[in-house]
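Asker:
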């Protein structure tokens, strides 16, 4: 019986992944270490290393299987909601672990079909959520979009990703405000 078909192997792998998800949701990406995951899963640290020799792939897999909180449940006025959401995303991208995972995911997706599917799903969720919120805001007269709502995720999140990964610097509020204003003409009471 190979490792991938051994029930003990499969149970320990699932326990480790569940523990990583729990730690990620409770304490963020910095909590997903071999030691903390092993303790939470009730397995030895060597077992975690056997399944995931490095912490980054475990974190990537855990992140790919947890619900994504960003750009969910928009509230009016949309401009204020978007400012809060983009600030939250920017603060996450400031974390070295999140920066490492996001770049690892993007890089690995070039060669790995499973990771590319996860990358595409992540992008689709962000794009769909933001597009729906902006379309609703435009219908209510909050904004006259200057680009398609489907391009808004690239226009708003792209600069923050660049700042975080290429420049390795935090995103300041001025960049967030510029990205929001670049989406179109906002109603004056915003």
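Residue numbers (the numbering used here): 146 to 335. Note that beta-carbon positions come from the ideal geometry of N, C-alpha and C, so glycine has one too. Every value quoted in this text rests on a predicted model; they were computed, and no experiment measured them.
1) Would you mind reading off the limits of the alpha helix (DSSP H) that contains residue 221?
2) Please return the same chain residues whose Cβ sits closer than 8 Å to the Cβ of residue 178, not counting the five positions on each side in sequence.
3) Decide if residue 335 is buried, meaning its Cβ has at least 16 other Cβ atoms within 10 Å, or exposed.
4) Quick check on the burial criterion: 16 or more other C-beta atoms within 10 angstroms. Buried or exposed for residue 156?
5) Three or more C-beta pairs under 8 Å: does that hold for the stretch 179–187 against the stretch 238–249?
6) Could you compute how far the alpha carbon of residue 309 sits from the alpha carbon of residue 297?
7) Return helix, strand or coil for residue 238, following the three-state DSSP convention.
8) State the CB to CB distance for the pair residue 255 and residue 321, rounded to an integer number of angstroms; the pair is presumed to be in contact (CB under 8 Å).
9) Just how far apart, CA to CA, sit residue 210 and residue 282?
10) Are the CB atoms of residue 327 and residue 305 within a distance shorter than 8 Å?
11) Is there contact here, the stretch 268–282 with the stretch 214–225, by at least three beta-carbon pairs under 8 Å?
12) Under DSSP, the beta strand (DSSP E) around residue 141 begins and ends at which residues?
13) Based on the DSSP secondary-structure assignment, which residues constitute the bridge partners of residue 288?
14) Can you find a heavy atom of the ligand SAH that lies under 7 Å from the Cβ of residue 276?
15) Comparing C-alpha positions only, which one of 244, 333 and 176 sits nearest to residue 314?
16) Compare the Cα-Cα distances from residue 191 to each of 161, 173 and 175 and report the closest residue.
17) Which residues in the same chain have their Cβ closer than 6 Å to the Cβ of residue 263, if we skip the five residues on either side of it in sequence?
18) Going by DSSP, what residue range makes up the alpha helix (DSSP H) through residue 154?
19) Where residue 227 and residue 174 are concerned, what is the direct C-alpha to C-alpha distance, given to the nearest angstrom?
Answerer: On the basis of the coordinates in this document:
1) Element bounds for residue 221: n/a, residue is neither H nor E.
2) 200.
3) Confidence at residue 335 is low in this model, with a pLDDT of 48, below 50, so its placement is unreliable and the value that follows should be read with caution. For residue 335, the number of other beta carbons within 10 angstroms of its own is below 16, and it is reported as exposed.
4) Around the beta carbon of residue 156, fewer than 16 other beta carbons lie within 10 angstroms, which makes this residue exposed.
5) Contact check between the stretch 179–187 and the stretch 238–249: fewer than three CB pairs, one atom from each, fall below 8 Å, which does not count as touching.
6) Residue 309 and residue 297: Cα-Cα distance of roughly 19 Å.
7) Assigned with DSSP and collapsed to three states, residue 238 falls in helix.
8) Contact flag wrong, Cβ pair sits at about 29 Å.
9) So the alpha carbons of these two residues sit roughly 30 Å apart.
10) Pairing residue 305 with residue 327 gives a Cβ-Cβ distance that is not under 8 Å.
11) Taking a cut-off of 8 Å on C-beta distances, the stretch 268–282 touches the stretch 214–225, as three or more cross pairs fall below it.
12) A query on residue 141 cannot be resolved here, the shown segment of the chain reaching from 146 to 335 and no further.
13) Assignment of beta-bridge partners to residue 288 by DSSP yields 331.
14) Among the components modelled here there is no ligand, and therefore nothing to report on the ligand SAH.
15) Of 244, 333 and 176, the smallest CA-CA separation from residue 314 is found for 244.
16) The candidate whose alpha carbon is nearest that of residue 191 is 161.
17) Hits under 6 Å: 209.
18) That run of the alpha helix (DSSP H) goes 152–172.
19) Near 23 Å, if we compare the C-alpha coordinates of residue 174 and residue 227.
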